[in-house]
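Worksheet for the structure shown next.
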Amino acid sequence: MKKELAKAYVPQENENDIYRLWESSGFFNPDNAPLPKTAQTYTIILPPPNITAKLHIGHSAMLAIEDLLIRYKRMNGYRTLWLPGTDHAAIATQMVVEKKIFEETGQTRHDLGKEILLEKIWEFLRNTQSEILGQMRKLGASLDWSREAFTLDQARQKAVNRLFVEMYQEGAIYRGERIVNWCPHCQSTLADDEVEYSEQTTKLYTFKYAPDFPITISTTRPETKLGDTAVAVNPKDERYQKYLGQEFSFDFVGQKLTIKIIGDRNVDPDFGTGALGVTPAHSMVDWQMAQENDLAVIKVINEQGLIREGFGNYSGLSVKDAREKLIAELKEKGLLISEEEVIHNISTCYRCDTPIEPLPSKQWFVSVDCPLERLGGKSLKEKALAVAQEGTLKFIPERFNKRYQDWMSNLHDWCISRQIWFGHPIPVWYRGAEIYCDLKAPEGEGWVQDVDTLDTWFSSGMWTFSTLGWPDNYRDGKKFGDLANFHPTQVLETGYEILTLWVSRMVMMSMFALGEMPFESVYLHGTILDKHGKKMSKSKGNGVDPLVAINEYGADALRLSLLMGSTPGNDSRYSADKVEAKRNFINKLWNIARYILAQPGVAECQLNSDPEPKTIADRWILAELSITISEVRKRLDNFEFSLAAEILTEFTRDKLADWYLEIAKIEGGKTEILNYLLLAILRLWHPFIPFVTEKIWQSFQTGVLMIEQWPTFNLAVDEQAKSTFTFWRDLIVAIRNSRSANKIAPGVQLEALVFSVNNQKDIALGAELITKLKTGLSSLTFVNEDPKPENAITVVVQDTIFYLLAAIDPEKEAARITKEREVLEKLIFNLSERLANQEFVSRAPAKIVDQEKEKLAAYQLELNKLKETIL
Ligand SMILES: [Zn+2]
3 MKKELAKAYV PQENENDIYR LWESSGFFNP DNAPLPKTAQ TYTIILPPPN ITAKLHIGHS
63 AMLAIEDLLI RYKRMNGYRT LWLPGTDHAA IATQMVVEKK IFEETGQTRH DLGKEILLEK
123 IWEFLRNTQS EILGQMRKLG ASLDWSREAF TLDQARQKAV NRLFVEMYQE GAIYRGERIV
183 NWCPHCQSTL ADDEVEYSEQ TTKLYTFKYA PDFPITISTT RPETKLGDTA VAVNPKDERY
243 QKYLGQEFSF DFVGQKLTIK IIGDRNVDPD FGTGALGVTP AHSMVDWQMA QENDLAVIKV
303 INEQGLIREG FGNYSGLSVK DAREKLIAEL KEKGLLISEE EVIHNISTCY RCDTPIEPLP
363 SKQWFVSVDC PLERLGGKSL KEKALAVAQE GTLKFIPERF NKRYQDWMSN LHDWCISRQI
423 WFGHPIPVWY RGAEIYCDLK APEGEGWVQD VDTLDTWFSS GMWTFSTLGW PDNYRDGKKF
483 GDLANFHPTQ VLETGYEILT LWVSRMVMMS MFALGEMPFE SVYLHGTILD KHGKKMSKSK
543 GNGVDPLVAI NEYGADALRL SLLMGSTPGN DSRYSADKVE AKRNFINKLW NIARYILAQP
603 GVAECQLNSD PEPKTIADRW ILAELSITIS EVRKRLDNFE FSLAAEILTE FTRDKLADWY
663 LEIAKIEGGK TEILNYLLLA ILRLWHPFIP FVTEKIWQSF QTGVLMIEQW PTFNLAVDEQ
723 AKSTFTFWRD LIVAIRNSRS ANKIAPGVQL EALVFSVNNQ KDIALGAELI TKLKTGLSSL
783 TFVNEDPKPE NAITVVVQDT IFYLLAAIDP EKEAARITKE REVLEKLIFN LSERLANQEF
843 VSRAPAKIVD QEKEKLAAYQ LELNKLKETI L
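Here the sequence shown stands for residues 3 to 873, where the numbers follow this note's numbering.
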């Protein structure tokens, strides 16, 4: 089935067809894999991109890494499942659509009503969703589309309801009043990690509540002091000890306040006046103190960010206006002692930057500390911490284990209800004070369902098992179907910035639902920055559309540029130059294949076993291939994608193309080996650059490369051939370099006198290659004594001297050799230092130390020879 390869590879003309070929083969779906059902499975669930916008370059990097892993494992005989999906991203999506509608028509969601807004959101969603899925295909992602999921589709709805009900029944979900992070603009609660912090200059006011109140306090939010019920001081602070436990009632700007003096060890006596006004309703910390000291909670600010009813002239004022009014009043009464500018950490909404109002509110929470029967009396937090502490959950890079544990240890109950319309409804109904929680609405009159929706992370936290058929595939503690086959998954590959938001929640929810981890390893990638190291953003206009890059350079080039030069957990830079360089390499690979396939018989050759090497060069290239296969495997198994690609590039470009193909032209008779080498590099490269390798494969092979066996290491490394060939190569390179240093034109043929004590046999064996591989030597004559000819270029490699007979400038040649000598001396010095370093010698593997010693001996030999020739 040989089809000649086109002169040049044009990705734009081939990629869509190749993707269709893969898709129609059915092999994206592990059920169709030509493997026994007992074959080990390997699963990655794609982190579902938000349907708020098209994919950016960061998503492309994620897809390139995951597809690399999946294709690599698929070629290694695993039943691989890579499951695609998208995330409804509740609050983010609603905000985007609301903003869009407001810009186009000036209408708000309240003008439209819930039904119409939701319709508009679904319409928006269908467009972006299909666009996103199309982008994934463009990149070559070998996802099993038959299992595609969406966080808000029917199957996921069922799973979400079921888990909510189970958690409620078990006591892991409760409704309670607690301080939440409230965004007055989004009109919704935010999770702790959806709150951002920024330093801002603000005023710190120091004042007294009333003339006869004995303690002065400081605050940046005087308007909330209308709801103070205590003043907290350090119990050791002698200034205030006498007041501890006392209560004071007085008028504070027209409001009656009753303040109790309480002791709290966390109050810093040296900060401000050493006394804090406690506002239980509007501060997390103060809420905690109120719980511990049984203080009254007075709500001052409402959900709109206005002062509530019951505060006289203050009611109805915005927070800002209330603050101004209150300060003016304190000044007038002579109660304000000072105001100063301070830098203060302000919490803001991650969606809209509005300052957060901590408010007490009735919300639904996941209890992270409550002991649960089904977890053997352990809490969700304890379970999620244990897997990281024991190391059963692996982090790549390892340093994120600590970050995960730190965050997990400080985790508070997770507020999961959101006051938005787009999302999973809460399976709870109310009738008066009655609460009913179940999969279906209760019978009877007068029940009203909770109007809130669930935090988007609740449904994405279930992603590994809700996509594999939970709860239907789980009965009496047993897994069935996909859940049994593919859960726990092997790797979660995601950005380090959602380690806390997402990864931790997935662990807790999987522990609760299935009693097992959602994944074995978490690979965290960094952020892709622009070429100047700046974050990409729409507003800065420095973002890169992956489709534009693919159109220009091809998907393979984009993939390879994202895989190379990036390391786990670290940010990396994107540049078009880098993609172009990878495009050039891919062209090189194409030309290598084209050249090999043009050799008579190579394309038709059918090898049933490893080829028989005939020459030293054959033995050498097969040895190098073996080493490459095992090194690339080691790197890939270790998630070192960039290093793996570098090793493969070196083999393909330097060893195969620059040396072996040149040798093949001289030695001839290499049909089988060339066929073997080409098949091997196509298989090795396929997971990195699937399109071009498949295209080449299709030109002379049957079946799809995608499910071919990844090369195995079945040839022992021929050390002897390797060392002989390396000696020749060093000689050839040294001859080429010294000729060009002496400005000898390439066409000029030179005679060589060879003086070698120990290597004469090897040189004779390699004479053909040594004279013909662009060395311009007309003949080699062996001599038994150093002839030291007058007009000659001197080339020294190990114990061997080549004199290239030519009329040259002796002074220049002497200078060149002196320079060469200096370089050698420096190398010897450095290596000796290294080997004299006890720490290195004791720590490095014995093999490495031996290699370094051999290298040193060879340099010394060479230096001695060089010195002899100058004398
Ligand atoms: Zn907001």
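Just so it is clear, CB atoms sit at the ideal spot from N, CA and C, and this is done for glycine as well.
* Asked: In this structure, does DSSP put K9 in helix, strand or coil?
  -> Three-state result, K9: coil.
* To do: Say yes only if the C-beta of R874 is nearer than 7 Å to one or more non-hydrogen atoms of ligand 1, and no if none qualify.
  => Residue 874 lies beyond the range of the chain shown here (3 to 873); nothing can be said about it.
* To do: Could you tell me which of E664, L65, W24, T226 sits nearest to E359, measuring between CA atoms?
  => Nearest to E359 by alpha-carbon distance, out of E664, L65, W24, T226, is T226.
* Going by the C-beta, is T95 closer than 7 Å to any heavy atom of ligand 1? -> For T95, the CB stays at least 7 Å from every heavy atom of ligand 1.
* N-terminal and C-terminal residue of the alpha helix (DSSP H) that K821 is part of -> Counting along the chain, the alpha helix (DSSP H) containing K821 begins and ends at 812–838.
* Asked: How would you call L246, buried or exposed, if buried means at least 16 neighbouring beta carbons within 10 angstroms?
  -> With fewer than 16 other Cβ atoms inside 10 Å of its own Cβ, L246 counts as exposed.
* Asked: If you follow the alpha helix (DSSP H) that A66 is part of, which residue opens it and which one closes it?
  -> Here the alpha helix (DSSP H) through A66 covers 59–76.
* Check whether the stretch 527–537 touches the stretch 75–87, counting contact only when three or more Cβ pairs, one atom from each stretch, lie closer than 8 Å. => By the Cβ criterion, the stretch 527–537 is not in contact with the stretch 75–87, since fewer than three pairs of Cβ atoms, one from each stretch, lie closer than 8 Å.
* To do: Please report the residue range of the alpha helix (DSSP H) in which T191 lies.
  => Careful: T191 lies outside any alpha helix (DSSP H), inside the beta strand (DSSP E) at 190–192.
* **Closest Cα partner of S349 within the set I339, P847, H284, E343** => Ranking I339, P847, H284, E343 by Cα distance to S349 puts H284 first.
* Should E121 be labelled buried (16 or more other beta-carbon atoms within 10 Å of its own) or exposed? -> With fewer than 16 Cβ atoms within 10 Å of its Cβ, E121 is classed as exposed.
* Please say whether S369 and G60 have beta carbons closer to each other than 8 Å? => Judged by beta-carbon spacing, S369 lies beyond the 8 Å limit of G60, meaning their Cβ atoms are not closer than that value.
* To do: Mark T728 as exposed unless 16 or more other C-beta atoms lie within 10 angstroms of its C-beta, in which case mark it buried.
  => The residue is exposed, with fewer than 16 neighbouring Cβ atoms inside 10 Å.
* Going by CA-CA distance only, name the one from I623, R561, I629 that's closest to F643. => Relative to F643, the option among I623, R561, I629 whose CA is nearest is R561.
* Asked: If you drop the 5 nearest sequence neighbours on each side, which residues of the same chain put their C-beta closer than 7 Å to that of V99?
  -> Within the same chain, and ignoring the five residues on either side of V99 in sequence, the residues whose Cβ sits closer than 7 Å to its Cβ are K122, I123, F126.
* Sheet register partners of E225 (DSSP bridge) -> None; E225 has no bridge partner.
* Confirm, please, whether the CB-CB distance from K855 to L837 is below 8 Å. => Yes, the pair counts as a contact, with Cβ atoms nearer than the cut-off.
* Rounded C-beta distance between L48 and A515? I'm assuming under 8 Å. -> The pair is not a contact, with the Cβ atoms about 20 Å apart (cut-off 8 Å).
* Asked: What is the DSSP secondary structure of R310, reduced to helix, strand or coil?
  -> Coil at R310, not helix or strand.
* **Rounded straight-line distance, which links the Cα of K75 to that of F521** => So the alpha carbons of these two residues sit roughly 16 Å apart.
* To do: Could you tell me which of R310, I264, G274 sits nearest to E294, measuring between CA atoms?
  => Ranking the options by Cα distance to E294, first place goes to I264.
* To do: Could you tell me whether the stretch 231–247 touches the stretch 288–308, using the rule of 3 or more Cβ pairs below 8 Å?
  => Segments in contact, yes.
* Could you tell me whether the stretch 542–556 touches the stretch 615–630, where touching means 3 or more Cβ pairs closer than 8 Å? => Contact fails between the stretch 542–556 and the stretch 615–630, because fewer than three Cβ pairs, one in each stretch, are under 8 Å apart.
* Asked: In the DSSP assignment, what residue or residues form a beta bridge with D253?
  -> Bridge partners of D253: K258.
* Asked: Cα separation between A486 and M513?
  -> Roughly 15 Å separates the two Cα atoms.
* Comparing the CB of H187 with every heavy atom of ligand 2, is any distance shorter than 7 Å? -> With respect to ligand 2, the structure offers nothing, as its ligand set consists of ligand 1.
* Asked: Is the number of C-beta pairs between the stretch 659–668 and the stretch 683–698 that are closer than 8 Å three or more?
  -> Short answer: they don't touch.
* Asked: Cβ-heavy atom distance between T54 and ligand 1 below 7 Å?
  -> Not one heavy atom of ligand 1 lies closer than 7 Å to the C-beta of T54.
* Verify the contact flag: T222, CB atom, against every heavy atom of ligand 1, threshold strictly below 7 Å. => Checking the Cβ of T222 against ligand 1 gives no.
* To do: Would you kindly check if the distance between the Cβ of A816 and the Cβ of L807 is under 8 Å?
  => No, the Cβ-Cβ distance between L807 and A816 is not below 8 Å.
* Residue nearest to D558 in terms of C-alpha spacing, selected from A859, T569, L114, I588 -> Ranked by how close their Cα comes to the Cα of D558, the residues A859, T569, L114, I588 have I588 in first place.
* Can you tell me the Cα-Cα spacing of M169 and L501, whole angstroms? -> Separation of M169 and L501 (C-alpha to C-alpha, rounded to the nearest whole angstrom) is 23 Å.
* Mind checking whether the beta-carbon of T356 lies closer than 7 Å to any heavy atom of ligand 1? -> It does: the Cβ of T356 is within 7 Å (strictly closer) of some heavy atom of ligand 1.
* Leaving out five residues before and five after T95 in sequence, what residues of the same chain have Cβ atoms less than 8 Å from its Cβ? -> These residues qualify, in order along the chain: N52, I53, T54, I123, F126, L127, F424.
* Own chain partners of G603 with C-beta closer than 7 Å, once the 5 adjacent residues on each side are dropped -> Closer than 7 Å at Cβ, skipping near neighbours: T673.
* Taking Cβ positions, are T654 and I683 nearer each other than 8 Å? -> Yes; because the gap between Cβ atoms is below 8 Å, this pair is in contact.
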